[in-house]
Amino acid sequence: MGCLSQYLPHPIRGLCLVTPFLLSTGLANLTLFFLPFAKLLLSPALIHTLSSLIAGTLVYRFIQHIFTTINGAEITFSGDTPRPNESAIVISNHVGWSDFYLVQAAADKANMGGHTRNWTRDKGELERVFRGVREGGWKTWLVSFSEGSRFTHKKYLESRLWCELNNKPQPEYLLYPRTRGFIATVQHLRKATHVKAVYDLTLAYQCGEEFQKAPTMWETIAVPKLSLTREQGGMGYRFHVHVRRFPIEELPGDTAGLAKWLEQRWVEKGRWLEARRLRWASVDVLRKTDGIFGGMGRVVDEDSRM
1 MGCLSQYLPH PIRGLCLVTP FLLSTGLANL TLFFLPFAKL LLSPALIHTL
51 SSLIAGTLVY RFIQHIFTTI NGAEITFSGD TPRPNESAIV ISNHVGWSDF
101 YLVQAAADKA NMGGHTRNWT RDKGELERVF RGVREGGWKT WLVSFSEGSR
151 FTHKKYLESR LWCELNNKPQ PEYLLYPRTR GFIATVQHLR KATHVKAVYD
201 LTLAYQCGEE FQKAPTMWET IAVPKLSLTR EQGGMGYRFH VHVRRFPIEE
251 LPGDTAGLAK WLEQRWVEKG RWLEARRLRW ASVDVLRKTD GIFGGMGRVV
301 DEDSRM
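The following block contains the structure:
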């Protein structure tokens with residue numbers, strides 16, 4: 001299907017790709033629905049492991065395969081390398097639907113692809129998750145998009161006004177982070193001896209010359225050649241994850257200190273994003289110049305690939 005779908009119109013191509021994904025998701029949900037009834041035979045830890053395996057195989061890896069392998073999205077990385085099999089709290093900026101793919105790619109580097117959870121989406125069972133991680137030793141990458149919502153220009157203006165009124169720094173390309181959820185997560189999970197770190201992920205996008213332009217949900221599923229340049233017949237998207245690892249024992253112990261710590265990470269994120277924008281802009285200029293002079297040198301943006 002991958003080769004044939006390259007030649008189909010995008011709506012038909014998207015339908016051909018999304019149909020088996022929806023079927024596999026339905027199968028996964030059905031299996032996960034009945035799995036808790038096996039608790040008389042299986043331990044809670046084993047049920048959790050099986051649930052993670054089913055979700056990771058039938059859902060996450062399936063749609064990740066569509067995005068990266070079939071649709072040609074190339075995700076690059078910089079910064080720290082995630083440690084294998086390390087449970088952690090993960091914080092990230094929030095740009096669009098495709099953030100999921102970038103976070104999942106980072107989790108795969110740590111062999112934690114089947115253990116990611118978005119706690120803001122699962123608030124109703126948050127305490128159960130905390131208890132399972134603390135008492136049951138569940139492996140987890142507990143992901144928090146700390147801005148609370150996706151970045152938009154309107155929300156950025158609202159965030160900037162709030163920061164001015166409250167004497168807070170407004171990070172570039174970001175919304176001011178909401179600290180309450182992060183503080184609760186750290187205070188609960190630092191009691192789990194196997195949760196060793198906080199990973200700070202900064203997600204960067206570019207489409208053509210438009211910085212922080214992420215693809216829509218439909219584009220990630222239906223459109224091929226996402227990362228090829230427009231000169232090569234592609235969409236011209238860049239996808240990048242900058243990773244920073246912080247040992248959890250080094251974080252402040254009090255509420256005010258944790259709030260300030262998160263604020264500082266967002267200020268640094270904004271600076272990093274501006275530096276990334278300038279870097280990509282300079283690479284594009286060099287590539288155009290290289291083309292004018294007949295391609296005498298090959299311009300490479302040196303980041304690690306998936």
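For what it's worth, full-length UniProt numbering labels the leading residue of the sequence shown as 1, then goes sequentially. By construction, the Cβ of each residue, glycine as well, lies at the ideal position given by its N, Cα and C atoms.
| Item | Value |
| --- | --- |
| Segment contact flag, the region 272 to 279 with the region 215 to 225, C-beta cutoff 8 Å, min 3 pairs | no |
| Contacts around L174, its chain only, beta-carbon distance under 7 Å, and the 5 residues preceding and following it disregarded | N93, E147, F151, W266, K269, G270 |
| G96 in three-state terms, based on DSSP | coil |
| CA-to-CA distance, Q206 to E135, given in whole angstroms | 42 Å |
| Spatial neighbours of G132 in its chain, beta-carbon cut-off 6 Å, leaving aside the 5 residues before and after | W138 |
| Beta-carbon gap between G113 and R61 smaller than 8 Å | yes |
| Nonlocal neighbours in the same chain, by C-beta distance under 7 Å from K288, ignoring five residues either side | none |
| K196 vs A88 beta-carbon contact at 8 Å | yes |
| Continuous alpha helix (DSSP H) stretch holding I63: start and end | 61 to 65 |
| H242 classed as buried or exposed, judged by whether at least 16 other C-beta atoms fall within 10 angstroms | buried |
| E164 versus L157 - alpha carbon distance | 11 Å |
| Neighbour-count burial assignment, R128, 16 or more Cβ in a 10 Å radius | exposed |
| Helix, strand or coil at S146 [DSSP, three-state] | coil |
| C-beta atoms of residue 310 and Y237 nearer than 8 Å | Missing from the structure shown is residue 310; the chain here goes from 1 to 306 and no further. |
| When G72, L102, F130, V143 are compared against residue 310, the one with the closest alpha-carbon | With the chain covering 1 to 306 only, the question about residue 310 has no answer from this structure. |
| Own chain residues within Cβ distance below 6 Å of D99, not counting five before or after | L203 |
| Straight-line gap, F246 to T185 (C-alpha atoms, nearest Å) | 15 Å |
| Span separating the alpha-carbon of S5 from that of F239 | Low confidence applies to S5: its pLDDT is 36, below 50, so where it sits in the model is not reliable enough to give any reading. |
| Cα-Cα separation between R190 and E249, rounded to whole angstroms | 8 Å |
| Whole-angstrom C-beta distance between E86 and A110, which should lie under 8 Å | 6 Å |
| Limits of the beta strand (DSSP E) - the one that Y176 falls within | Unbroken run through Y176: none, as it is neither H nor E. |
| Span separating the alpha-carbon of E210 from that of P84 | 34 Å |
| Continuous alpha helix (DSSP H) stretch holding H153: start and end | 153 to 165 |
| Within the UniProt domain "Acyltransferase C-terminal" (235 to 274), ranges of the beta strand (DSSP E) (whole runs, at least 3 residues) | 237 to 247 |
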